[in-house]
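Trainee: Would you mind keeping the following structure in view while I ask a few things?
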Amino acid sequence: MIVLALAIAADLNGIWVGQVPARNNDKLDIAFQLKQTGAVLTGKLYGDYRSTQILEGRIDGDTVTFIVLAEEQAGNQINDSRLKFTGVMKDGEMELTRRRESSTTAGSGAAAPSRNADPGVTFRLKKLI
717 MIVLALAIAA DLNGIWVGQV PARNNDKLDI AFQLKQTGAV LTGKLYGDYR STQILEGRID
777 GDTVTFIVLA EEQAGNQIND SRLKFTGVMK DGEMELTRRR ESSTTAGSGA AAPSRNADPG
837 VTFRLKKLI
């Protein structure tokens, strides 16, 4: 049964691109290089200025989950954030929701100021190659 489920799942290997909603109704370009080995997903997230490894990536049928550790700026402070991406395949595209699981002040390990619960942001990716 597990082999059958993996055979039916979409092939996620390749480069996926899209835009993430940002402040002031702006959109940020984003790209993922994904490598699928069975139910394990690895790769990198590429933003404007850096790339970040994908951690704890899993595939279950057409459902994808992974973690990215990212630096985010909040005013004059830089925070190390743990971002969880959860998504599904729809119409040949990947629909992902990104939620901030935790955040600490960079370099100190202290919890960053709490924001309201992160409702997440949902966006779509298209496969380039």
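So the working numbering is basically just the index in the sequence shown, starting at one, shifted up by 716. The beta-carbon is built from N, C-alpha and C at its ideal position, and this holds for glycine as well. The structure presented is a predicted model; accordingly, all values stated were derived computationally and were not measured.
1. Short of 6 Å in beta carbon distance, which residues of its chain neighbour Val736, apart from the five on each side in sequence? Order them along the chain.
2. Between which two residues does the beta strand (DSSP E) carrying Tyr762 extend?
3. Could you have a look at Ala721 and say whether DSSP puts it in helix, strand or coil?
4. Below 6 Å CB to CB, which residues in the same chain sit around Ile845 once its five sequence neighbours on both sides are set aside?
5. Give the secondary structure of Arg739 by DSSP, where H, G and I count as helix, E and B as strand, and everything else as coil.
6. Can you check whether the CB of Ala755 is closer than 9 Å to the CB of Arg774?
7. Helix or strand or just coil, what does DSSP make of Leu785?
8. Thr820 and Thr802 - do their beta-carbons sit closer together than 9 Å?
Mentor: The relevant details are as follows:
1. Cβ within range, chain order: Leu744, Ile746, Phe839.
2. Residues 756 to 762.
3. With a pLDDT of 43 at Ala721, under the threshold of 50, the modelled position of that residue is not reliable, and no figure is offered here.
4. Excluding residues up to 5 positions away in sequence, Gly730, Ile731 lie with their Cβ nearer than 6 Å to the Cβ of Ile845 in the same chain.
5. Three-state DSSP puts Arg739 in a helix.
6. A contact, by the Cβ cut-off of 9 Å.
7. Looking at Leu785 - three-state DSSP - the assignment turns out to be strand.
8. For the pair Thr802 and Thr820, the CB atoms are not nearer than the 9 Å cut-off.
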